[in-house]
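Numbering (the numbering used here), first residue to last: 59 to 288.
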């Protein structure tokens, strides 16, 4: 593992309270792997052997619905972990995970992490901090699904991709529109119509790019204000 990769891991809340030696002990002989789009990291009911740290790319966690579709629980990218809670709960994964855009991922053996926690219980507080942040994020996602229109949710999604909070921005859609639709709780055929509707709020699309002419305007719209281009 490269030093810059190790440094990125060390900055994650799960590892911030550890010494380099202890972090390395948890990682053991783990090696960064590159997985192609469509690769399945784990499926529901698989035993929890690993949790994962994402260096690049995008990975989704999802559950299959009764009608054969997918309910996307989360999308993870650089600097994020997935399935870390299950690492010490044990048992089987409650959902499945698939790479949605080629990703560089570090699989970390759960048994190593659990062993370290047993030997160093104070580190559990660090884990609780990370899980609390994840729970806060999920509560926000549920609130968005319940209180905002589909168009407002798409606007919020685009705003999260912006590297600035004012002026104009050009963002690249990070993964398939079908995955974006599932993540936002809308039908795939609705996404194009919504993007067209958002032209009234300074949004236009060019293939996989989205140009936002006024970030502040789109932000106000996403929060429910009655706004539009003059």
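Note that beta-carbon positions come from the ideal geometry of N, C-alpha and C, so glycine has one too.
Counterpart residues of residue i in DSSP-defined beta bridges
{"i": "residue 109", "result": "166"}
{"i": "residue 270", "result": "227 and 261"}
{"i": "residue 64", "result": "DSSP lists no partner for residue 64."}
{"i": "residue 255", "result": "Partner(s): none; residue 255 has no beta bridge."}
{"i": "residue 122", "result": "128"}
{"i": "residue 69", "result": "Paired residue(s): none; residue 69 is not in a bridge."}
{"i": "residue 133", "result": "118"}
{"i": "residue 155", "result": "100 and 119"}
Neighbour-count burial assignment, residue i, 16 or more Cβ in a 10 Å radius
{"i": "residue 213", "result": "buried"}
{"i": "residue 157", "result": "buried"}
{"i": "residue 282", "result": "exposed"}
{"i": "residue 77", "result": "exposed"}
{"i": "residue 79", "result": "exposed"}
{"i": "residue 139", "result": "buried"}
{"i": "residue 147", "result": "exposed"}
{"i": "residue 190", "result": "exposed"}
{"i": "residue 67", "result": "buried"}
{"i": "residue 60", "result": "exposed"}
{"i": "residue 65", "result": "exposed"}
{"i": "residue 280", "result": "buried"}
8 Å Cβ cutoff met for residue i and residue j
{"i": "residue 113", "j": "residue 175", "result": "no"}
{"i": "residue 162", "j": "residue 108", "result": "no"}
{"i": "residue 92", "j": "residue 142", "result": "no"}
{"i": "residue 171", "j": "residue 153", "result": "no"}
{"i": "residue 224", "j": "residue 273", "result": "yes"}
{"i": "residue 100", "j": "residue 151", "result": "yes"}
{"i": "residue 24", "j": "residue 62", "result": "Only positions 59 to 288 of the chain appear in this structure, which leaves residue 24 out of reach."}
{"i": "residue 219", "j": "residue 276", "result": "no"}
Contacting residues, own chain, Cβ-Cβ under 8 Å from residue i (five flanking each side not counted)
{"i": "residue 235", "result": "246, 249 and 250"}
{"i": "residue 267", "result": "228, 229, 230 and 231"}
{"i": "residue 252", "result": "208, 209, 212 and 244"}
{"i": "residue 215", "result": "238, 241 and 242"}
{"i": "residue 130", "result": "118, 119, 120, 237, 240 and 241"}
{"i": "residue 178", "result": "80"}
Other residues of its chain near residue i: CB distance less than 7 Å, five sequence neighbours each side excluded
{"i": "residue 86", "result": "167 and 170"}
Chain-order list of residues whose beta-carbon lies under 6 Å from that of residue i (same chain, five-residue window excluded)
{"i": "residue 263", "result": "253"}
{"i": "residue 261", "result": "270"}
{"i": "residue 103", "result": "150"}
> Does the region 67 to 77 come within contact of the region 124 to 132, defined as at least 3 CB pairs closer than 8 Å?
Replying inline: no
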